[in-house]
Ligand code: FES
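Numbering (UniProt numbering), first residue to last: 2 to 153.
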């Protein structure tokens with residue numbers, strides 16, 4: 002019998018009777034139907050699956066469900082509210098940060114985590130924060146511009 006694991010996602014409590022080693026990303030996408038976090042590599046290397054755990058950015062593909070027991074997970078869907086996007090989401094829309102958009106979940110969540118710690122982060126901090134998030138379209142300049150807009 003699988004013991005239920007309690008976790009709060011986007012402010013809502015869930016009791017999930019799933020194998021404790023199930024990757025958090027699979028739980029979010031398959032069981033909770035939250036498709037903001039993307040599956041890119043499944044190995045913790047691309048950043049497409051990034052979520053916030055207690056306000057800190059983390060790669061949901063490498064974290065087992067048991068690792069977030071009792072904690073607060075925020076996904077892209079948990080930023081802002083219906084009709085009122087978060088400031089980071091607004092900046093990415095305004096500065097047209099997306100090309101194909103697949104990496105944007107990770108970019109936005111990383112920028113959100115950075116701005117929670119350092120609301121006035123500068124260009125070098127933003128670059129450092131995003132250095133391990135991959136964008137295959139090569140839209141890095143627009144992504145940087147979007148992040149800077151959110152930070153000002
Ligand atoms: Fe998680 Fe690539 S899918 S880091």
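Glycine is no exception: its CB is placed at the ideal position from the N, C-alpha and C atoms.
Same chain, Cβ closer than 7 Å to residue i, five either side skipped, listed in chain order
i, result
"residue 21", "6, 65, 66 and 67"
"residue 39", "49, 50, 103 and 106"
C-alpha distance - residue i paired with residue j, whole-angstrom precision
i, j, result
"residue 78", "residue 60", "16 Å"
"residue 108", "residue 4", "34 Å"
"residue 119", "residue 151", "12 Å"
"residue 36", "residue 73", "17 Å"
"residue 137", "residue 52", "20 Å"
"residue 14", "residue 41", "27 Å"
"residue 17", "residue 34", "13 Å"
"residue 112", "residue 8", "24 Å"
"residue 19", "residue 58", "23 Å"
"residue 84", "residue 95", "15 Å"
"residue 139", "residue 147", "14 Å"
"residue 62", "residue 127", "23 Å"
"residue 141", "residue 125", "13 Å"
"residue 54", "residue 26", "12 Å"
8 Å Cβ shell around residue i - same chain, five flanking residues per side excluded
i, result
"residue 46", "133 and 135"
"residue 153", "121"
Residue of the options minimising C-alpha distance to residue i
i, options, result
"residue 143", "114, 102, 26 and 115", "102"
"residue 123", "19, 25 and 149", "149"
"residue 145", "138, 50 and 131", "131"
"residue 43", "55, 23, 56 and 53", "23"
"residue 70", "86, 10, 111 and 49", "10"
"residue 81", "12, 126 and 140", "12"
"residue 76", "110, 96, 86 and 8", "110"
Residue i - DSSP class collapsed to helix/strand/coil
i, result
"residue 16", "strand"
"residue 60", "strand"
"residue 1", "Absent from the structure is residue 1, since the part of the chain shown begins at 2 and ends at 153."
"residue 29", "helix"
"residue 107", "helix"
"residue 117", "helix"
"residue 53", "strand"
"residue 85", "strand"
"residue 79", "helix"
"residue 7", "strand"
Contacts around residue i, its chain only, beta-carbon distance under 6 Å, and the 5 residues preceding and following it disregarded
i, result
"residue 115", "122 and 130"
"residue 117", "56"
"residue 99", "105"
"residue 87", "80 and 81"
For the pair the region 25-35 and the region 89-99, tell me if three or more CB-CB distances fall below 8 Å. no
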